[in-house]
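**Q** Here it is, the structure, as structure tokens.
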Amino acid sequence: MPDFSLVAVAFYNALSPDQLFITLWATLLGVIIGMMPGLTATMGLALLTTLTFQMESGSAITALLGMYVGAIYGGSRTAIILNMPGTPASAATTLDGYPLARQSRAREALGLATIGSLFGTLVGVLLLVFTAPLLAGYALKFGSYEFFWLALFGVVISGRLTSMDDPLKGWIAGFLGLIIAMVGQEQVFAYARYSFDYQPLTGGVSLIPAMVGAFGLAEILSNITGSKTPIIAENKGRILPRFRELLRYSPTIGRSGVAGTLMGLIPGVGEDIGAWVSYAIAKRFSREKEMFGKGSKEGLIAAETGNSAAVPGAIIPVLTLGIPGSAPSAVLLAAMVIHGIQPGPLIMIQSAGMVYGVVAAIVLSAIAMTLYGILLTSPLLLVLRIPRERLLPIIFVLCVVGSFAIAAREFDVWIMLAFGSFGFVLRQMNYPMAPLVLGLVLGEILDKSLRRGLILSEGSLEPFLTRPVSAVLAIATLASIAAIAIAGFKSLRPKKQG
Amino acid sequence: MNFKHLIVGALTTVALAGPAFAEWPEKPIQLIVPWGAGGATDQVSRVVAAELEAALGQSIVVVNQPGASGSIGSQAAWDAPHDGYTWTAGAAKDLGTYGVTGKMDTSIKNWDLYLNSALASVISVSADSEIDDLDEFLEALKSGGLKVGTSGVNSAGHSTIEALSAAVNGSYIHASYDGGSAAVLSTVSGETSVTTQLISEQIDMLRAGQLKAIAIISDVDVDVPGVGTIPAVTSALADFTVAPIYFGIFVPGDVPDDVRAKMQGAWDTAIANSSKLAEYTEGRGSIMTVHSGDDAQMRVWPSIQANAWLLHDGGQSAADPDKLGIPRP
Amino acid sequence: MTNHRLDRITGFVFALLGAWVAYGAWRMPRFEDRGAQLYETPGFTPGLLGCALALCGLVLAFRSAGPNGQSREYWNEVMGSSITRRRALAAVGLTLGYGAVLFGSVPYLIATFGFIFCFIGIFELVLTPVDKPQRSASVPQVLGVAAAIALVVAFTTQYIFKTLFLIQLP
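Chains as they are written, first to last, in the working numbering: chain A, 1 to 498; chain B, 1001 to 1329; chain C, 2001 to 2170.
Spelled out as structure tokens, the structure:
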């Protein structure tokens, strides 16, 4: 049971004018960084770590949390309006967010995503306050065998979800992503695979430029190619959903919140998988399955609740184990260490007040994020009114600079261009881009945990199938593949003559 | 179209008006950290960068360029103009052995080293392990089958277990993880039975009693605040080569003389007396070791020699260390 | 070209790609001298993935036509008419030209100004959409707007990234 007097003190401190001011600017900066294609939460946090170095440690952590919450949310703005996820976490948001915008319901979609993010954060925070030590134990249950299945499951599910009529194409995109992730130095012998003696390739293909290319540039190219001017109707609908509507979606919000938090917890699995898993679960339970991918409000809420809930989720192992749950939270952990805060198994005993300080900062930045979401909706919708001939080149400049900004390497710009041009061709033939990008995220996990698992089991497949979490994931993955594969092989008929 | 000419002309002037004859540093310095954000190198580099910013009166921009065991970022720092505006950071023994592993054509002697801290590896087992002391551990290593978690080939943890295993003629199962904290976690969760990562990566788990320290790779017993005294590895293996891992900032050696003079000045005053660095190193169980110039080269050399030959004897080298001017220790 | 036909061709391409990936994995060193088992070798996972891609490619190539198999929309959307073909080519040319050639070799401000100016100019004056053959604005007006946007974007992005986010642009 949490000590409520400590919680009250934490909120009282966080509401002091100077702390509140820090939360406000840091969250706004986060939203802006999240919206920019190429600038991610991880990068924003790293940048802010350096900038807040001289600040008092509590204030610095408040600023970083605001940045984290804001950036994961900010990505949804670009995803809905432009069909480009601002950060990898909002890739699943494009699936239903952009179709809604195309139906002139961008205002509604932006509002729903905001509310989804708010509730997602709150669900995650509740789990953090009440069950953090328990959940930390769950994170420890994830060994190499479980990671292998989780990676395979992620690609299989995303391939199926993003390409409803033709899962085969979703899987091809997923396998392409996994294969591209094989490029570069591997872990067991430090051998550089498929690098053709070209040094930049020995480091592998970075995720962000690839994502910016596959979503950003590919979208620009197919958008400008269309010879008809897209008609943009007046945006109607309210920003904030009605209470009745919220009540109807509350089971989805609850499920997605829990799913997102649990995904965030697992070390190395972050906000992006959180969004995908909660999207998949929402579809499974939905009464309007056929609407998913065509502008389902439920799907949009699930994706946004899922990625935002993963933020407090990823912070749980940071605080209780000193192990980051996701890439941005790794930077947060580093910043805490630099500021002399030592998170770890003893934190609840030694400095519970600090933990509740983190909780208060997250809750307040979630509220700030909601306010910005409502205030920024109308100006953002103006973007839709800019003629595409003028908007698209500007976005492309952001794609180029954003890809370059990650590591100041021109090689990353070339990766972005390659993914953009090939992605354009593939999209023309209905290949979804999301599994490609997810494959790139999960490829390394898949390879390392498969081989590490086999090394530890000395070649035996048994632990992959008998450990409890492994078994559940294995059954889910194999059943999903089998269902589609049977249908796929049925369509293989002998070739007709002539 | 005169107007357009005017614009292009103005743009060119703005873009090309370069710095001229000003005193270093008159623009922001780029510090390439060749490992991911949040790792051990990243943390200490950011602490040092912030302290140097004040000393040099110029902002230092930290850029993470991870990949290929840190060689990609180091190469990028080498490829940039050697004008003192691009630095890199990391462990000196990594930079010193890229030539041996064939990842990068360089030698430690081509760089000016500014060392800030040193770390030792610790041999640890999970709290409920049957192994209780160094003798039992070495016995288990001799009989083989121990599962050892490290952060990968040629990481500090891997070099340590390789050297230990060679010393007692033992064998082990090697599992590599993404970074030191994941390797340490694998021992906590029981997936591996031993970890030999750096003390800074284990310190939280040691303090919380989730891990049991068996020995530290040092020639004296070390008293670690919050953990207690960890026995030296030399208590059982008297002639074991002990070389701490030095971390620092590295600048190409052929930068202008005034850059070197100013850096050394800042290093010997601001960094040597930095309370933030002292606080950070104490919290992480590392030792603050501020050195530059020949002194720094001399200190890192033993660990480079040891690692280069360990790699070569293990069949993991692309070039003979002797030919690269690294004689067998 | 029908969708089914196009799928068949890409199916073969993926099958070949998968086979090439698997062959590359087979050719990787196996470190037997260091006592490596098959499942430890660098080529293990890419080999499996290459086979999986090749299998998916073959299924795609040999399956019977689906519900929209006889339609020609994949091909026609870009290659169908001369205007979409030219718009696609121009867009690819401009973006690749800026990203791969200008960015990094020419100062950022000039490259960005040139790219945006040309992009707006070409798509608003030369390759106009079919439903808007006549422009309401005159040529100098369009060029003026293009130059203004290009100038503002070049300077604003440089300010944001270089000054606020401390990123060194080429």
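C-beta: ideal position from N, C-alpha, C; glycine also.
Model, not experiment: these values are computed from the prediction.
#1: Tell me the DSSP secondary structure of Tyr1085 of chain B in three-state form.
#2: Verify the CB distance criterion: does Arg2034 of chain C have a CB-CB separation below 8 Å to chain B?
#3: Compare the beta carbon distance of Trp149 of chain A and Thr466 of chain A with 8 Å and say whether it is the shorter of the two.
#4: Count the other C-beta atoms from every protein chain shown that fall within 10 angstroms of the C-beta of Ile475 of chain A, then say buried if there are 16 or more, exposed otherwise.
#5: For His1309 of chain B and Gly264 of chain A, what's the separation of their Cα atoms in angstroms?
#6: Chain A beta carbons: is any one of them nearer than 8 Å to that of Phe2113 of chain C?
#7: Using the beta-carbon count (16 or more within 10 Å), is Gly2093 of chain C buried or exposed?
#8: Interface residues of chain E around Gln2168 of chain C at Cβ under 9 Å?
#9: Just to confirm before moving on: does the CB-CB distance between Gly44 of chain A and Val69 of chain A stay below 8 Å?
#10: Assuming Ser59 of chain A is part of the alpha helix (DSSP H), what are its boundary residues?
#11: DSSP has Gln185 of chain A in a bridge; who is on the other side?
#12: Quick one: does the C-beta of Ala173 of chain A sit closer than 7 Å to a heavy atom of the ligand FAD?
#13: So if I threshold CB-CB distances at 9 Å, which residues from the region 1308-1321 of chain B count as touching chain C?
#14: Of the residues that make up the region 1269-1290 of chain B, which ones have a beta carbon closer than 8 Å to any beta carbon in chain A?
#15: Distance cutoff 8 Å, beta carbons only. Does Ser1143 of chain B sit that close to anything in chain C?
#16: Suppose the cutoff is 7 Å on Cβ atoms and the five residues either side in sequence are ignored; what does the same chain contact list for Glu2073 of chain C look like?
#17: Ser1176 of chain B CB to nearest chain C CB: under 8 Å?
#18: Short of 7 Å Cβ to Cβ, which residues in the region 1020-1051 of chain B face chain C?
#19: Looking at the unbroken beta strand (DSSP E) that takes in Asn1116 of chain B, where does it start and where does it end?
#20: Would you call the CB atoms of Val1047 of chain B and Ile61 of chain A closer than 8 Å?
#21: Quick one: residues in its chain with C-beta nearer than 6 Å to the C-beta of Pro88 of chain A, no 5 flanking neighbours on either side, listed in chain order?
#22: Are Leu332 of chain A and Leu64 of chain A closer than 8 Å when you measure CB to CB?
#23: What three-state label does DSSP hand Leu1305 of chain B in the structure shown?
#24: Using a C-beta cutoff of 8 Å, does Val1061 of chain B count as contacting chain C?
#25: Is it buried or exposed for Ala2137 of chain C, if we count other Cβ within 10 angstroms and need 16 for buried?
#26: Would you report the Cα separation of Pro1327 of chain B and Asp1320 of chain B, rounded to the nearest angstrom?
#27: What would DSSP say about Val1047 of chain B, mapped onto helix, strand or coil?
#28: With DSSP collapsed to three states, give me the class of Met1288 of chain B.
#29: Starting from Gly459 of chain A, find everything on chain C with Cβ-Cβ shorter than 8 Å and list it in chain order.
#30: Is it right to say Phe2044 of chain C is buried, meaning 16 or more other beta carbons lie within 10 angstroms of its own, or is it exposed?
#31: Distance check for Phe396 of chain A and Ala10 of chain A, CA to CA, integer angstroms please.
#32: Please check if any C-beta of chain A sits within less than 8 Å of the C-beta of Asp1204 of chain B.
#33: Can you name the residues of chain C whose CB is closer than 7 Å to the CB of Trp171 of chain A?
#34: Any beta carbon from chain A within less than 8 Å of Asn1110 of chain B's own beta carbon?
#35: Whole angstroms are fine: how far does the CA of Ser1069 of chain B sit from the CA of Met67 of chain A?
#36: Does the Cβ of Ala1050 of chain B have 16 or more other Cβ atoms within 10 Å, making it buried, or fewer, making it exposed?
**A** Looking at the atomic coordinates:
#1: coil
#2: yes
#3: no
#4: exposed
#5: The question names His, yet the displayed sequence has Trp at residue 1309 of chain B. Their Cα atoms are separated by approximately 42 Å.
#6: no
#7: exposed
#8: Although the question refers to chain E, the structure presented lacks it and instead comprises the protein chains A, B and C.
#9: no
#10: 57-82
#11: A:Ala192
#12: No copy of the ligand FAD appears in this structure; indeed no ligand is present at all.
#13: Gly1314, Gly1315, Gln1316
#14: Glu1279, Tyr1280, Gly1283, Arg1284
#15: no
#16: Asn2003
#17: no
#18: Pro1028, Gln1030
#19: 1111-1119
#20: no
#21: Met211, Asp272
#22: yes
#23: In the sequence under discussion, the amino acid at residue 1305 of chain B is Gln, which differs from the Leu named in the question. Helix.
#24: yes
#25: exposed
#26: 10 Å
#27: helix
#28: strand
#29: Gln2037, Tyr2039
#30: buried
#31: 44 Å
#32: yes
#33: Cys2056
#34: no
#35: 29 Å
#36: buried
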